[in-house]
Each structure stands twice: as C-alpha cells, then as structure tokens.
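Protein chains in written order, with our numbering: chain U, 71 to 349; chain H, 87 to 526.
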C-alpha cells in the first residue's frame, strides 16, 4: 500500500511541520538594538569606504546612482584633476521626480491640498448644493462643479463637508476633482495663461513655449505660480494656429508666441496682479 | 476659429457635408426641403427596425471615431440584449485639441446628427439618447439644442406616443483628452471619475448605467440618414470596396489650403494633400495621420489608402481624422516626444503601463533630443512601447506609443543623428555631442 493513501497522514505531516517551526531559532532581529552580522566582503553596504591612506575609495563612477531602483543616490564632486565640477547621475533623466523627492527631503511642505490644514468656509451654499444633489455620491461631479461655481475653487473644508454629508470617501471626491482639469483647488488667480498643446501647435514650437512658461511661472500645466498670480492651463486651437503656437493670455489670443516672449509675459503678469479679481 | 470647408472636387461624393452651409444655419423647414428627416419619416413610416438594421449592416458603415467597428454589428449586439432599457450616446466630444472635424459637422448640419441619433435610438429601442459635446464647443452644443427643440416641435421626438417618446439630451462634457474614449465618456456622463473600463463587456452590452448602450461617433450617426434614404447599395458604391463610405478629414501643417474636407475612404493620403489641400509648401518631410495618437508617414508612404487596415499597417491610425503635413523645419524626434508627453499628462492613471510607461517613453525621447542616450535606449524604447500597447485598457493607451514608434520605423536616421552624431537635422534640439566632445 502506498504511503500517500494512508488517511490522515497528510494532516500529521502538516502538524509535524508546524510543530518543528516552534523549535527553530528566530531569524528576525530587533534591528536598531541588535544588528545582523554582515560579511566584511558584502558589496551592498550604503556607506562610502576609505582606503588605508584615508582617502575616499569612491571614484564617482555613478554606477550606484544608475543602478539604484528608487534613485535615492545622487552625487556631485570634482574630476580627478580637480578641474571640473561634475554632477551627472540620472538627474537629467529623472529631473522631475528628483525635484519632488528633494522637496520632501528638504522638510519644506510639498504642495498637496489633502494634507493642508484647511480654513473653514461658509457651508450654507454648499448645503443647498448637496440638498439639490440629494446627498447622493453618484451626483458628486455635478455637486463639485456647483461648489466650484460658488466658492471659485474647491476649498478643502467644502470637500470634507461633502464627504461627511454624502458618505462618499474623501479620497474618492479628491480623486474625482483631480481627474477633471476644470476643477481647481487653488483660489481664483488674477491672470490665466493658456497654451494649446495640439500637434500643429507642437509643430510650430508650442512645446518650447510651454516649457518657457513652465519655467518662468514656476508651475506645471494646471497649476498656479508660487506667488498665486498666474494659472497655467491648456486650450484647444482646433488646428487654426499658423506661424506660431496658439497662446491665450487672460482670454486674449496672442498674435505671435515665442519662448522669449513667454519670459517677458510671465514676468509682466507676475508683477501686475489685480487684487481680488477672478479670472 | 473655424476652418473652411474644402472642395473635394466633382468625383468625391458628399454624404456628411451634403447639406452643410457656412454662415447662418437654416431652420428645420429649410433643412427639410433639402432632405433632412426624410430618412427618419421613411424608416418609422415604411420600414421596421429590423430592416433598417439590416440596411446599416449591408452598407458596411464602420465607426468613424477611429476604431472602425462595424456599426450594424454594434447595434445588433445592443438590440439582442434582454434588458429592456437601452441608451444611445452620440460621441461628439472631440478630444484632439487640434481637430475640429466633429465640431464642424455638428455646427454646420446639426439636423443630420440629431436625425441619425433618433434613427439609432428607434432601431435599438432606446428611450433616451445623449449627444455629448465638449464644453469647448459651445456653438455646436447650442445649435444641436436648437435642432433637438425643432425636432420636438415637429413631433419627431420627445412626444408621448410610443416610439416618438425618445428624449434627446445635448450634454456638454468637460474633461481631458481621454474623455473621447467611449467607456471614459460613459463614466463622465454618469458623473464618475473619467477612467476607462475593462472590455468586454462592450458598452453595447453594459454601458451607461450598466444598460446596453450604443456609442457612436457623430460622423457615424450623421451618415445613417443618408444610408436609410438612399439605400445600402448607394453607400457601398462609395469609397473602397472593403471599407465603403466617406469620412471627414482635416488638413493642416504646411499644406497650402488648410481646412476640413469630406473624402471617400480608400483615397490615398497623397490624393488628399494634392487635391483639396492644394499641395504642400516646401519639401515634405512627413505626414502625421491621426492626431496626438497618430503616426508619422514618410513621403514614400503617401500612397497609403485612407482605410482602417492600411493605416494600421503603416503605423498610423484614423484617429481624430487630421492630416498634418510637416516640412524640413520640424524635428520629428522632438515632436513625437512632446506628443507622448502630452498623452502622458492626459493619462487617467488607471493602468500603470500607461501612467508610468508613457512617462518613461517621453523621457527616453527627451534623452534623444538632449543627447543623453545610453546604448540600449532605442531597444528599450521599442520594448517599452510594445508593453504599453499590449497592456492597454483603452484606445489612448493602445496608440500612445504610435508617434515615437512610427518615427523610429521610418526616420531611424533622425534618431541616429541625435544620439550618435549629436546633431539635430532640423536644427531644433541641441543634443549634447559625445563624439564632438571626444574629438575636440
């Protein structure tokens, strides 16, 4: 008779395995108090080594920076003849993510409206909107649009109140509001710059104009410049642009656009902010 | 901000723009004198829904939104669903910011769109239909509303009796590029987050509010009345044998006469550029077919016929129906990179290969533009593009790699010029020259 046919043997085997585990030594180390022993020849330590003479053994080959999957390694230095400052790594390629993680490391607040402490707003008009929407999460988009119509933007307090009243997750409302480009979290701004990103405008240098506005307004598409003066947004020219990319400043199309113009326009708009004027 | 309607010449039939008149819109009486709502009266008076469905299937009409799914098959799939509640959605949300093909049609002949929607709703037994228009096209929305009101006043729709109880709603939708995709549009109409759904089930089985829904582009629906009025045989005689009919195409870039023109399917890209486009100024470098998700065709590939299959094989898509001619002043690597970046910015974030993959594609392309190229980058780009395509949940993602892939396929020397020699043939980018640095 084959042993695997004996009834219950599998259960006994399983139990034996479980019991055996109880007597095995514990592999988990209570890390900060106890340290695992690492072989002196281990190559994966995140420290810089010094040679016998006391000079750094790292020769800034950047292989570690390139291999690092989460790109936490970055370095700068001088070349071997002490001539040039070097900063290469993967920073050019992953500049944006690097910027964000640098911001987080720096301890300064990263702009994210979910975590902002919120100022209370008058919830009266919002309650009317919610009543009109029958407090149904299914009507959230319409309610968010109406709320933006009343407050000019979507204050965090309004979103919180909406989440409480409708029973929708705050995250779901926040996610919906971020997924639609016409819903904003920042208060209305004095000026708005819209750049067309269609293929024809791209062909006419729209990408460079947009990059110039990004740089000089200090914000990406859909965002507001750090001083809260100008919003950078997109528009649609419908293929009617000719000569240069289609750009609107405060609703007025520019006759011509270029990266150089973008710098002067951005500076002029940021210097001249009509107070309390909504775009 | 409207482009002119171009004259396609005597040989090219007019189906969609047959009644289009620029300037003041005629009211319903004038439109009826030219044949509007004739097909609807004929269908509801003399024919049965089954006969009309058969006619549409026979005519070989295919979705003009870009995918080219046979309209008759889509409707039949919806009709055969046991659920009694059906919907019809006319997709007039023109997502491509550089196109105004659908907008032109809706503004110049709203009656055709409304009539086509009404016939579709009558065939599939829908009591509610929605015409979705982008909020950036207020004129089109207003004209469609007027057209619906006029049709209601005439008693074609919106009545109390039986099949005349159809309610047509014109809805303005705001959203990003991805909202043009059918399942995303349905979510947006429901007031949910704009993200696509897994298909199957297709919307014809489970669409708006989970009910069987026919989602057709407005160009498809506007062709329906003509087919019903003139018969399937008349439609199959237009265009090519495999893909009959006409579609609307927008010409742009360095053509002498930019504008919108109705072309029979199967016409070659060269015929369109040289005929209504009035040929190209300067030397032609490439033609971008299909908007932001389209592909670049080289001058040798201009004899590609405008059909779904031929364009697909050539690496382009019918897409938004735009043909953009590029001359030597354009750097294709830069344009393709910026287009990929645009698509990435408009990704909804649901599938990770799209959300992160298109960003990495754009970064690889930007690496070529600035000369920061590693030896395996070209290989990596095509591998990643294949992954993004294979993991696609929606049409945007499936075609997101088209621009870069088509440039790699037809304009490989341009990539090499950037990466190896460190020069941009168009003089647009300033790639870092490793070869030049070594020799100096």
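All residues carry an ideal CB built from backbone N, CA and C; glycine is no exception.
Is there a C-beta anywhere in chain H that falls below 8 Å from the one on residue i?
{"i": "residue 222 of chain U", "result": "no"}
{"i": "residue 211 of chain U", "result": "yes"}
{"i": "residue 291 of chain U", "result": "yes"}
{"i": "residue 205 of chain U", "result": "no"}
{"i": "residue 302 of chain U", "result": "no"}
{"i": "residue 200 of chain U", "result": "no"}
{"i": "residue 250 of chain U", "result": "yes"}
{"i": "residue 270 of chain U", "result": "yes"}
{"i": "residue 273 of chain U", "result": "yes"}
{"i": "residue 298 of chain U", "result": "no"}
{"i": "residue 246 of chain U", "result": "yes"}
{"i": "residue 163 of chain U", "result": "The predicted model places residue 163 of chain U with a pLDDT of 42, which falls under 50 and marks its position as unreliable; any figure quoted below should be read in that light. Chain H, which has a Cβ nearer than 8 Å to the Cβ of residue 163 of chain U, makes this yes."}
{"i": "residue 134 of chain U", "result": "no"}
{"i": "residue 349 of chain U", "result": "Caution applies to residue 349 of chain U, whose pLDDT of 40 falls short of 50 and renders its modelled position unreliable; the model cannot decide the point."}
{"i": "residue 277 of chain U", "result": "yes"}
{"i": "residue 128 of chain U", "result": "no"}
Hey, residue i and residue j are a contact pair by Cβ (cut 8 Å); roughly how many whole angstroms apart?
{"i": "residue 527 of chain H", "j": "residue 368 of chain H", "result": "There is no way to answer for residue 527 of chain H, as the model of chain H reaches only from 87 to 526."}
{"i": "residue 53 of chain H", "j": "residue 343 of chain H", "result": "Past the boundaries of the shown model lies residue 53 of chain H; chain H is included only from 87 to 526, so the question cannot be answered."}
{"i": "residue 392 of chain H", "j": "residue 351 of chain H", "result": "6 Å"}
{"i": "residue 152 of chain H", "j": "residue 405 of chain H", "result": "5 Å"}
{"i": "residue 287 of chain U", "j": "residue 336 of chain U", "result": "5 Å"}
{"i": "residue 202 of chain H", "j": "residue 129 of chain H", "result": "Contact flag wrong, Cβ pair sits at about 11 Å."}
When you compare the CB of residue i with every CB in chain U, is at least one pair closer than 8 Å?
{"i": "residue 440 of chain H", "result": "no"}
{"i": "residue 336 of chain H", "result": "yes"}
{"i": "residue 377 of chain H", "result": "yes"}
{"i": "residue 416 of chain H", "result": "yes"}
{"i": "residue 279 of chain H", "result": "yes"}
{"i": "residue 105 of chain H", "result": "no"}
{"i": "residue 512 of chain H", "result": "no"}
{"i": "residue 222 of chain H", "result": "yes"}
{"i": "residue 360 of chain H", "result": "no"}
{"i": "residue 524 of chain H", "result": "Unreliable placement is indicated for residue 524 of chain H, whose pLDDT of 45 sits below 50; the coordinate value is still reported in the next sentence. Chain U contact via Cβ: absent."}
{"i": "residue 28 of chain H", "result": "Residue numbering for chain H in the displayed model covers 87 to 526; residue 28 of chain H lies beyond these limits and cannot be assessed."}
{"i": "residue 447 of chain H", "result": "no"}
{"i": "residue 50 of chain H", "result": "In the structure as shown, chain H begins at 87 and stops at 526. Residue 50 of chain H is therefore absent and cannot be evaluated."}
{"i": "residue 272 of chain H", "result": "no"}
{"i": "residue 421 of chain H", "result": "yes"}
{"i": "residue 516 of chain H", "result": "no"}
{"i": "residue 101 of chain H", "result": "no"}
{"i": "residue 434 of chain H", "result": "yes"}
{"i": "residue 437 of chain H", "result": "no"}
What do you reckon, are the CB atoms on residue i and residue j nearer than 8 Å?
{"i": "residue 174 of chain H", "j": "residue 125 of chain H", "result": "no"}
{"i": "residue 299 of chain U", "j": "residue 324 of chain U", "result": "no"}
{"i": "residue 268 of chain U", "j": "residue 188 of chain H", "result": "no"}
{"i": "residue 148 of chain H", "j": "residue 122 of chain H", "result": "no"}
{"i": "residue 473 of chain H", "j": "residue 443 of chain H", "result": "yes"}
{"i": "residue 263 of chain U", "j": "residue 225 of chain U", "result": "no"}
{"i": "residue 256 of chain H", "j": "residue 231 of chain H", "result": "yes"}
{"i": "residue 480 of chain H", "j": "residue 269 of chain H", "result": "yes"}
{"i": "residue 349 of chain H", "j": "residue 333 of chain H", "result": "yes"}
{"i": "residue 157 of chain H", "j": "residue 302 of chain H", "result": "yes"}
{"i": "residue 234 of chain U", "j": "residue 257 of chain U", "result": "no"}
{"i": "residue 456 of chain H", "j": "residue 412 of chain H", "result": "no"}
{"i": "residue 218 of chain H", "j": "residue 176 of chain H", "result": "yes"}
{"i": "residue 272 of chain H", "j": "residue 244 of chain H", "result": "no"}
Relative to chain U, which residues along the segment 182-195 of chain H have a C-beta separation below 8 Å, given in chain order?
182, 183, 184, 185, 186 and 189
Decide if the segment 227-245 of chain U is in contact with the segment 384-394 of chain H; the criterion is three or more beta carbon pairs, one per stretch, under 8 Å apart.
Between the segment 227-245 of chain U and the segment 384-394 of chain H, the count of C-beta pairs closer than 8 Å stays below three; the two stretches do not touch.
Interface residues of the segment 479-508 of chain H facing chain U [CB-CB below 8 Å]:
none
Sufficient close CB pairs (3 or more, under 8 Å) joining the segment 222-241 of chain U to the segment 257-264 of chain H:
no
Which residues of the segment 307-326 of chain U have a Cβ closer than 7 Å to any Cβ of chain H? Give them in chain order.
Per Cβ criterion, the list reads 307, 308, 309 and 310.
Could you check whether the segment 313-325 of chain H touches the segment 142-160 of chain H, counting it as contact only if at least three pairs of C-beta atoms, one from each stretch, sit closer than 8 Å?
yes
Stretch-stretch touch, CB-based, cutoff 8 Å, three pairs: the segment 414-431 of chain H with the segment 485-505 of chain H
yes
Which residues, taken in chain order from the segment 238-263 of chain H, show a beta carbon closer than 7 Å to some beta carbon of chain U?
260, 261 and 262
State whether the segment 154-166 of chain H contacts the segment 284-300 of chain H, with contact taken as three or more CB pairs (one from each stretch) at a distance under 8 Å.
yes
Using 8 Å as the Cβ pair cut-off and three pairs as the minimum, do the segment 219-231 of chain H and the segment 438-455 of chain H touch?
no
Any 3 or more C-beta pairs closer than 8 Å across the segment 476-496 of chain H and the segment 372-380 of chain H
yes
Meets three-Cβ-pair contact criterion under 8 Å: the segment 426-443 of chain H and the segment 358-365 of chain H:
no
Say whether the segment 312-324 of chain U touches the segment 272-285 of chain U, bearing in mind that this needs 3 or more beta-carbon pairs closer than 8 Å, one atom from each stretch.
Taking one beta carbon from each stretch, the segment 312-324 of chain U and the segment 272-285 of chain U have 3 or more pairs nearer than 8 Å; the two touch.
Does the segment 253-263 of chain U come close enough to the segment 300-309 of chain U that 3 or more CB-CB pairs lie under 8 Å?
yes
Counting pairs of Cβ atoms below 8 Å between the segment 328-337 of chain U and the segment 278-290 of chain U, do you hit three or more?
yes
What residues from the segment 366-393 of chain H come within 7 Å of chain U, judged by C-beta to C-beta, listed N to C?
With the criterion set as a beta carbon lying under 7 Å from some beta carbon of chain U, the members of the segment 366-393 of chain H are 374, 377 and 378, in sequence order.
Given a limit of 8 Å on CB to CB distance, which residues of the segment 339-355 of chain H reach chain U?
339 and 344
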